[in-house]
Amino acid sequence: MASQPNPVANPKAIVSGPSYHFTVLTDRLIRYQWDVDGQFEDRASTFAINRNFPVPRFRVIDGDDLEIITDHFHLTYNKDSFSGGGLVVHFNSKHTNWGAPWQYGDPEKDNLGGTARTLDDCDGPCEIGKGIMSRAGYAAIDDSRSMLFDGDFVAARRNTIFWHDGYLFCYGHDYKGAIKAFFALSGKQPVLPRYALGNWWSRYYAYRQDEYIGLMDDFRAHDIPLSVAVVDMDWHLVSHERVRHSGWTGYTWNKELFPDPEAFGRELHDRNLKISLNDHPHLGVHSHEDAYEEMAQALGHNTSNKDPILFDASNRCYMMAYLKILHRRLERTACDFWWIDWQQGRYSKGQDLDPLWLLNHFQFVEDSRSRDGPPLILSRYAGPGSHRYPVGFSGDTVVSWKSLSFQPEFTATASNIGYGWWSHDIGGHISGNRDDELVTRWVQLGVFSPIFRLHSALSRWMSKEPWLYRPECTEVMSEFMRLRHRLVPFLHTQNIICSREDELLIQPMYWIYPDNEQAYSFPNQYIFGSEFLVAPIVQPRNKRTNLASVKAWLPSANSRYVDLFTGTVYDGNREIILYRALNDYPVLLTEGTIIPMDAEPAPRNGCLNPKALEILVVVGRDRQAVIYENIEDDGPEKGQKNGSTAQQTEPYAKSTYRKTTITFRQYEGKVCIEPISRPVTFRFLSLTSIPEGLKVRADGTDRSRDATISVEDYPQTPSLVVDCPFVPEDGSHIIIIELGPNPQLSVIDPKPRLERQIMDYQTEFKMKDRLWEVVSQDKETSSLSNAIGTLMSFGYEESIIGPVAELLMADRRLYS
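So for the sequence shown, full-length UniProt numbering puts the first residue at 1; every next one is plus one.
And the structure:
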């Protein structure tokens with residue numbers, strides 16, 4: 001199991017009677033069971049694997065009614081079968097609707113949602129399940145029908161309608177507190193292998209062996225890194241004359257397409273790529289399969305009539321043979337992890353034994369035992385608790401703007417049920433029409449999503465190689481895919497922190513600002529990796545301005561924001577419409593942000609540890625950041641230490657890692673990185689001049705002359721760049737950059753950017769002249785209100801004046 005189960009609660013936390021059973025797990029989380037026969041369940045379920053919590057402080061009043069009282073809730077129960085009037089919980093919190101209590105069976109209209117099993121065929125929003133948090137301040141999870149873990153296999157619950165098993169989360173608007181309780185109850189998120197954080201290639205297409213390898217080389221020739229090579233179902237026999245069924249299931253390599261599977265595996269591994277094979281297991285094992293005889297012998301199956309071995313996930317022997325014979329044989333040839341493509345519903349021979357749950361659980365458990373690094377599967381969401389088996393395959397999405405528009409909200413909302421590692425079909429999979437801009441915006445969203453996986457259907461017109469698109473789209477898609485790999489040092493660090501500290505990579509705005517109404521009004525906007533504020537663009541460009549737009553909310557009243565791609569500085573505490581050309585994307589960083597990146601413009605395949613680092617710093621506030629790296633991901637020089645002494649820690653039971661710390665002290669204007677034995681570049685975003693007296697020190701020695709110091713201006717993100725190429729001969733060292741006390745973000749003149757922007761407008765020259773006249777006003781003699789007033793007086797549509805107003809109003813210091 002992804003987390004070791006400890007399902008039996010401390011008896012001191014239990015309040016029980018002939019037909020009822022309450023477990024006070026925390027002072028804000030309670031389990032409630034009712035069974036007419038008094039048979040209460042203590043085994044782990046798919047949702048709840050750990051109930052042995054420290055016993056919280058609570059009181060019990062046992063009279064005609066039962067009362068359970070903690071510092072946060074007051075439960076009353078009439079000792080009869082559960083009902084809306086008989087089981088009621090009141091709350092000692094202001095974060096409930098009108099102080100309303102929870103009543104058993106409450107439909108919870110204010111639940112903030114969870115996620116869905118699949119986005120198959122969805123063209124826009126779909127129905128999503130419940131999460132464990134609500135604006136009402138409470139949320140209930142019904143665990144009555146879930147599968148149970150029983151010894152080394154599973155069991156269904158008793159077949160009776162006269163029982164109930166549920167959990168009530170009473171965390172008010174402390175959403176992060178709720179999710180920590182959820183992970184304590186349902187198991188922690190595993191750490192993903194580092195390679196999972198790079199670019200995945202996937203396509204439903206019957207590739208030939210040499211064709212697939214050639215495609216991987218084409219990506220490298222275009223300087224586009226990859227880390228995972230997914231081979232869809234045509235790796236096995238599909239329409240061959242030996243196949244007596246639909247062909248979706250198969251476990252025998254198609255030697256016409258893949259004449260030498262072992263060599264295929266070696267070739268991809270030599271390119272630092274991991275391999276995933278697609279498996280549709282529902283048709284079982286037929287007589288034409290290479291493994292048929294071995295499977296039959298293991299299962300005692302009569303082969304005299306060549307009858308198929310039917311798929312039966314509820315059969316322990318079948319599941320063990322499926323994993324240890326079918327899959328293990330293929331893993332030895334060319335498979336690093338499996339894409340479990342189960343689409344056949346929730347039913348099996350065993351009552352309430354969902355085949356998807358069984359496939360996900362036992363594949364993940366088997367891989368955790370048999371593989372050297374962290375296990376990984378790609379499969380669908382099976383319900384609460386599925387976060388223990390990452391990553392999620394969201395299904396066959398429609399190629400449309402409506403589909404793209406829903407995905408940011410869908411992904412962020414999934415965090416409300418602890419499901420943090422969704423993988424979507426970037427660019428869409430089915431139907432729709434050719435729209436290069438749509439695919440480009442989808443790629444940009446994918447870079448700031450948990451998993452980046454390009455995918456498309458069989459159609460020759462849908463394949464997602466960036467160089468098949470219009471030149472401007474090719475350039476943008478390629479550059480953003482390079483950026484994804486450059487961000488891997490940051491992403492892998494967040495991967496570890498999320499597992500250790502019970503955070504989610506993507507967090508809705510209301511997690512951070514739960515008592516601000518605006519936070520609930522921007523469901524598509526989210527925080528990515530604790531540092532990036534992402535406001536996805538999900539609509540096409542305006543044909544006259546060539547700019548797309550999104551309405552964003554910049555919540556912090558005491559901080560400015562810097563745009564990652566333009567360097568524009570924005571005042572916080574406001575709503576604003578952001579306009580972006582195709583090569584830009586609204587990703588904002590607050591003051592004090594530190595982002596570690598790979599310094600290589602086009603990193604190597606495979607997400608290896610970088611040979612040199614680039615550290616993005618936004619001055620303005622004190623901050624500390626860390627970088628975690630697995631030493632075994634150093635590449636050819638495996639085990640070479642570029643930082644601190646190797647350590648062993650819980651999140652990677654099979655990995656050794658090192659930790660590098662980066663500290664920024666605003667008052668002193670000092671940034672320090674230690675230990676470091678690689679070249680490192682510091683990029684101070686939106687600093688447009690070299691501070692007088694800037695110094696670079698290494699181990700206390702002035703190395704300013706050995707560093708290269710420069711300012712990069714528009715059209716790149718304006719930045720002060722300090723390049724430290726020197727490394728110590730032995731060991732590692734400390735580098736300190738001294739900017740001078742209390743450095744501030746520069747006031748950046750928007751005029752050059754606006755000039756290029758207006759130049760690109762497909763409008764009348766007179767209109768351009770009038771806009772330029774406002775842009776060119778002397779900021780010392782004019783005022784912001786006068787500039788905006790003049791713009792408004794023109795009577796032009798918002799798409800024309802909006803982009804100009806955005807940049808003029810971005811940083812009010814411009815007019816001060």
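The C-beta atom is built at its ideal place from N, Cα and C for all residues, glycine as well.
Distance, residue j Cα to residue i Cα
i, j, result
"Pro-596", "Ile-627", "7 Å"
"Leu-608", "Asp-633", "5 Å"
"Ile-68", "Tyr-104", "15 Å"
"Ala-229", "Arg-574", "43 Å"
"Tyr-20", "Lys-12", "16 Å"
"Thr-413", "Arg-484", "23 Å"
"Asn-495", "Gly-187", "16 Å"
"Leu-487", "Lys-306", "52 Å"
"Pro-125", "Asp-352", "28 Å"
"Tyr-761", "Leu-791", "16 Å"
"Ala-552", "Glu-806", "12 Å"
"Asn-78", "Asp-174", "29 Å"
"Arg-192", "Ser-202", "It should be pointed out that residue 192 corresponds to Leu in this sequence rather than to Arg. Going from the Cα of Leu-192 to the Cα of Ser-202 covers about 19 Å."
"Lys-255", "Lys-274", "21 Å"
"His-301", "Gly-284", "13 Å"
"Ile-736", "Tyr-251", "56 Å"
"His-455", "Met-481", "14 Å"
"Ile-615", "Arg-697", "16 Å"
"Leu-323", "Asn-630", "28 Å"
"His-90", "Val-550", "41 Å"
"Gly-17", "Ser-81", "12 Å"
"Lys-638", "Ile-594", "Note that Lys-638 scores a pLDDT of 45, beneath 50, so its modelled location is shaky; the value from the coordinates is reported in the next line. When rounded, the distance between both Cα atoms is 28 Å."
"Tyr-381", "Ala-44", "19 Å"
Same chain, Cβ closer than 6 Å to residue i, five either side skipped, listed in chain order
i, result
"Gly-177", "Tyr-171"
"Thr-763", "Arg-544"
"Ala-155", "Leu-148"
"Phe-452", "Asn-199, Gly-446, Arg-484"
"Pro-540", "Glu-437"
"Phe-311", "Pro-281, His-282, Gly-284"
"Ala-334", "Pro-261, Phe-264, Gly-265, Ile-275"
Own chain partners of residue i with C-beta closer than 8 Å, once the 5 adjacent residues on each side are dropped
i, result
"Asn-742", "Gln-666, Tyr-667, Gly-669"
Proximity of residue i and residue j at Cβ, strictly below 9 Å
i, j, result
"Thr-118", "Gly-129", "no"
"Gly-567", "Ser-431", "no"
"Gly-131", "Arg-31", "no"
"Asp-811", "Tyr-570", "yes"
"Gly-327", "Gln-363", "Note that residue 327 is His in the sequence shown, not Gly. In this structure, Gln-363 lies closer than 9 Å to His-327 by Cβ."
"Asp-143", "Ala-48", "yes"
"Phe-532", "Leu-588", "yes"
"Asp-152", "Arg-369", "no"
Environment of residue i [buried if 16+ CB atoms lie within 10 Å]
i, result
"Met-147", "buried"
"Pro-715", "exposed"
"Met-319", "buried"
"Trp-338", "buried"
"Thr-46", "buried"
"Pro-718", "buried"
"Phe-765", "exposed"
"Phe-684", "buried"
"Gln-344", "exposed"
"Gly-85", "exposed"
"Ala-221", "exposed"
"Asn-6", "exposed"
"Gly-383", "buried"
"His-361", "buried"
Proximal residues to residue i (C-beta, below 7 Å), its chain only, five neighbours per side dropped
i, result
"Val-8", "Asp-42, Arg-51, Asn-52"
"Thr-649", "In this prediction, Thr-649 scores a pLDDT of 41, lower than 50, which makes its location untrustworthy; no coordinate-derived value is stated."
"Pro-803", "Thr-545, Leu-547, Tyr-579, Gln-757"
"Arg-434", "Trp-461"
"Asn-786", "none"
"Lys-768", "Ile-758, Tyr-761"
### Task
Specify whether the segment 340-359 and the segment 202-220 touch according to this definition: at least 3 beta carbon pairs, one from each stretch, less than 8 Å apart.
no
### Query
Is there contact here, the segment 409-426 with the segment 387-399, by at least three beta-carbon pairs under 8 Å?
yes
### Query
Would you say the segment 270-279 touches the segment 217-235, given that touching needs at least three Cβ pairs under 8 Å?
yes
### Message
Is it the case that the segment 500-518 contacts the segment 470-488, given that we only count it when at least three CB pairs across the two stretches are under 8 Å?
### Response
no
### Query
For the 8 Å Cβ check, are there 3 or more pairs between the segment 430-447 and the segment 393-404?
yes
### Message
Whether or not the segment 777-791 and the segment 705-715 are in contact is what I'm after, with contact meaning three or more pairs of Cβ atoms, one per stretch, closer than 8 Å; do they touch?
### Response
no
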